[in-house]
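Everything below concerns the one structure shown next.
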Amino acid sequence: MNHTALRYFVEVADCRSIRQAANRLHVAASAISRQIANLEHELGAELIERGPSGIRLTAAGEVVAQHCRSTFREFQRIRSLVDDLKGLRRGQIDIFCVEGLVVEFLPRVLGAFHGENPGIDYRVVTAPTDRIVEAIVKDECDFGITINAIARPDIKTVASRIDTLEVVIAPGHPLAERASITVEEAAAYPMALLQPSFGARQFMDAQFARRGLAPRELMTSNSVVALKAMVQHGGALTFMSPMFIGDELSRGVLCARPVTPEPLGPYRLEVQAHRDRRLPFAAHALLSHLERALN
Numbered sequence: 463m464n465h466t467a468l469r470y471f472v473e474v475a476d477c478r479s480i481r482q483a484a485n486r487l488h489v490a491a492s493a494i495s496r497q498i499a500n501l502e503h504e505l506g507a508e509l510i511e512r513g514p515s516g517i518r519l520t521a522a523g524e525v526v527a528q529h530c531r532s533t534f535r536e537f538q539r540i541r542s543l544v545d546d547l548k549g550l551r552r553g554q555i556d557i558f559c560v561e562g563l564v565v566e567f568l569p570r571v572l573g574a575f576h577g578e579n580p581g582i583d584y585r586v587v588t589a590p591t592d593r594i595v596e597a598i599v600k601d602e603c604d605f606g607i608t609i610n611a612i613a614r615p616d617i618k619t620v621a622s623r624i625d626t627l628e629v630v631i632a633p634g635h636p637l638a639e640r641a642s643i644t645v646e647e648a649a650a651y652p653m654a655l656l657q658p659s660f661g662a663r664q665f666m667d668a669q670f671a672r673r674g675l676a677p678r679e680l681m682t683s684n685s686v687v688a689l690k691a692m693v694q695h696g697g698a699l700t701f702m703s704p705m706f707i708g709d710e711l712s713r714g715v716l717c718a719r720p721v722t723p724e725p726l727g728p729y730r731l732e733v734q735a736h737r738d739r740r741l742p743f744a745a746h747a748l749l750s751h752l753e754r755a756l757n
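By my numbering, the letter at position 156 of the sequence shown is numbered 618, and the numbering carries on one by one without gaps.
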């Protein structure tokens with residue numbers, strides 16, 4: 463089976479667009495269409511359907527895309543293992559991570575790791591916890607960094623940190639003079655919250671429900687950066703780990719206040735990987751750096 467055709471097809475499956483895939487691969491869209499047509503002919507099944515809203519994978523296309531991704535990643539692992547035997551340190555590490563950690567924490571860890579391993583490249587994808595778990599199960603990444611993920615028998619936690627959430631506000635907010643804030647007091651003000659698919663939002667929804675509260679949602683977003691901006695400039699408050707706002711705290715543009723009468727937790731940051739897959743040397747070494755950084 464033609465490796466080029468499979469690679470082109472997976473790119474189209476990821477982009478859901480032949481034109482975008484062509485731009486990424488730096489080839490003509492007609493060449494991609496021709497390769498996919500040849501692949502469909504060889505398999506005897508349609509893999510994609512073209513519609514006004516773009517490309518949609520058929521049931522056969524979904525199966526082929528999933529297995530191709532797994533095959534390509536397995537080839538990367540084989541190459542990495544061979545490089546390890548030859549004393550080389552190169553390759554790519556694929557990471558899915560909650561957005562709050564990609565602004566400061568993860569780049570700081572990758573920067574330090576890169577100083578010791580200059581031949582390693584990184585692909586970092588931000589996603590909610592549910593999507594990260596899916597990526598681990600489907601072998602789309604070497605490992606993922608999640609928040610309050612539900613335990614699964616096929617996923618292992620290789621590093622973790624127990625944290626608490628605090629009320630994050632701007633210095634001029636009416637609650638800024640308080641040393642600590644109750645959830646009930648915070649609920650009286652407009653909030654900027656993550657969308658329900660995020661582990662942190664699910665955690666907060668459980669806290670609101672337990673107290674019989676209905677939060678005043680000024681804004682919901684899938685972006686931690688957007689939430690921080692809304693708190694800083696829009697008068698909202700949010701609940702977030704101080705670990706996510708280290709730069710803003712140091713610059714004095716945001717404040718974090720602990721929740722009283724008891725801390726708002728536990729809030730689990732976990733580095734997770736598939737239980738049955740062997741990680742390449744580089745990914746395994748990076749996990750050691752992440753564990754030290756989390757602790």
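We put the CB at the ideal spot given by N, CA and C, even for glycine.
DSSP places Gly727 within a strand segment (E or B) once states are collapsed to three. The shortest C-alpha to C-alpha distance from Ala621 to any of Ala632, Ser685, Ile494 and Ile609 is the one to Ile609. Within the model, the alpha-carbon separation for Gln528 versus Ser515 is close to 22 Å. Beta-bridge analysis with DSSP links Glu679 to Met653. As DSSP reads the structure, Ser622 sits in a beta bridge with Glu732. Val565 has no beta-bridge partner at all, per DSSP.
Residue pairing by DSSP places Gln554 opposite Asp583 in a beta bridge.
Inter-residue distance for Glu504 and Cys559 is about 37 Å (C-alpha atoms, whole angstroms).
Secondary structure of Ile612 (DSSP, three-state): coil. Buried is the label assigned to Ala698, since at least 16 other Cβ atoms lie within 10 Å of its Cβ. Residue pairing by DSSP places Met702 opposite Glu628 in a beta bridge. If you draw a straight line from the Cα of Tyr651 to the Cα of Arg678, it is about 7 Å long. Distance between Thr619 and Val733, taken at the CA atoms: about 6 Å. DSSP places Leu752 in the uninterrupted alpha helix (DSSP H) bounded by Phe743 to Leu756. Take Glu508, set aside five residues on each side of it, and the residues of its chain with a beta-carbon closer than 8 Å to its own are Glu502, Thr520, Ala522 and Gly523, in chain order.
Cβ-Cβ separation between Leu627 and Met702: approximately 6 Å, consistent with a contact (criterion under 8 Å). For Glu511, the three-state secondary structure derived from DSSP is strand. For Ser750, the closest of Leu572, Ala490, Val564 and Gly513 by C-alpha to C-alpha distance is Leu572.
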